[in-house]
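Enquirer:
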Amino acid sequence: MAQTAAAIAISSQPTVEELGSPFIVSAGKYPPNLPWPNISEQARWSVSSFKFGFGPECLQDSDPDTFWHSDGPQPHFITVEFPRKVAVQKLSIYLSHPQDDSYTPSTLAIRAGTGPSDLQDVRVITLDKPDGWLTFDVSSEPNEDGEGLKPIWAYVLQVIVLANHMSGKDTHVRGLRVLGPIEEQGTDEDPFAWKTTRFTMHEHIR
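Numbered according to the UniProt record's numbering, the sequence shown spans residues 1 to 206.
#1: Reducing DSSP to helix, strand and coil, say where R158 ends up.
#2: By how many angstroms is the C-alpha of T79 removed from the C-alpha of E144?
#3: Helix, strand or coil: which one does DSSP assign to Q120?
#4: DSSP beta-bridge partners for N38?
#5: Does the Cβ-Cβ distance between Q158 and L119 come in under 7 angstroms?
#6: Going by DSSP, what residue range makes up the beta strand (DSSP E) through H76?
#7: Which same chain residues end up closer than 6 angstroms to S49 when comparing Cβ atoms and leaving out the 5 residues on each side of it in sequence?
#8: Throw me the rounded Cβ distance for the T107 and L19 pair, which I believe falls under 8 angstroms.
#9: For G132, which residues in the same chain have their Cβ closer than 6 angstroms to its Cβ, ignoring the five residues on either side in sequence?
#10: Three or more C-beta pairs closer than 8 angstroms, one from the region 84-95 and one from the region 164-176: is that the case here?
#11: Using only alpha-carbon positions, find the residue among K90, R111 and M166 that is nearest to L34.
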């Protein structure tokens, strides 16, 4: 079932309350400072099609003025393949309707699995003229402490552009990051470290 991104806009240094929102939007061009680790570089990236000079490398080059430009039949998709099974907590994607107009995705499907042949839908997101970095969980299953959602364990993650604004054919995505779960910080010197999602987020942003 598709979910509409009713997001909360934040600065580059979000509060604990903002981090608890299902959809976090940073209005800036650059990725927000978030506590979830970026695991994007561990993976091999590919796309369904691209125009020369606008390939998958533009998704991770940290340049907000470059973008992946698809060049083929719909649906368009980005495939992220890890060498081992990893825990994926969230995705951060940079979209800009003011700049890209009908090239801007309006519906995204997230798929995960052990390989390209067994991917299953884990989330569908609908967007209304997004502009900024949108961060959201890939799962919809609550975790044990009830203050967040469980990560998805997968070898392969795929982001599929099911539709664009104004029925556009090709698509633009200006940035994409795959984020893992927040790592617990307990040590021998700190045997009673906070374990809940909210307290762990507080430790990372203070």
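Positions of the beta carbon are idealized from the N, C-alpha and C atoms, including for glycine.
Quick caveat, the model's predicted, so the values are computed rather than measured.
Expert: Answer, in terms of the structure:
#1: Taking the first residue of the sequence shown as position 1, residue 158 is located at position 158. Residue identity differs from the one stated: residue 158 is Gln in this sequence, not Arg. In this structure, Q158 counts as strand in the three-state DSSP scheme.
#2: Here residue 144 corresponds to residue number 144 of the sequence shown, with the count starting at 1. Here residue 79 corresponds to residue number 79 of the sequence shown, with the count starting at 1. Pairing E144 with T79, the inter-Cα distance amounts to about 29 angstroms.
#3: For the purposes of this step, residue 120 is taken as the residue at position 120 of the sequence shown. Strand at Q120.
#4: If you number the sequence shown from 1, residue 38 lands on position 38. Bridge partners of N38: L179.
#5: As a first step, residue 158 is located in the sequence shown; it is residue number 158 there, counting from the start. As a first step, residue 119 is located in the sequence shown; it is residue number 119 there, counting from the start. In this structure, L119 lies closer than 7 angstroms to Q158 by Cβ.
#6: Numbered from its first residue, the sequence shown carries residue 76 at position 76. Annotation: the continuous beta strand (DSSP E) that includes H76 extends over H76 to V88.
#7: Taking the first residue of the sequence shown as 1, we reach residue 49 at position 49. Closer than 6 angstroms at the Cβ level, and outside the excluded window around S49, lie S70, D71 and G72.
#8: Here the question's residue 107 lines up with position 107 in the sequence shown. Here the question's residue 19 lines up with position 19 in the sequence shown. Contact between T107 and L19 is absent: CB atoms are separated by about 25 angstroms, not below the 8 angstroms threshold.
#9: For this step, residue 132 is matched to residue 132 along the sequence shown. Annotation for G132: V25, S26 and A27 place their beta carbon closer than 6 angstroms to its own, counting only its chain and skipping 5 residues before and after.
#10: Under the Cβ criterion (8 angstroms, minimum of three pairs), the region 84-95 counts as touching the region 164-176.
#11: By one-based count along the sequence shown, residue 34 stands at place 34. Each of K90, R111 and M166 was checked against the Cα of L34, and the nearest Cα belongs to K90.
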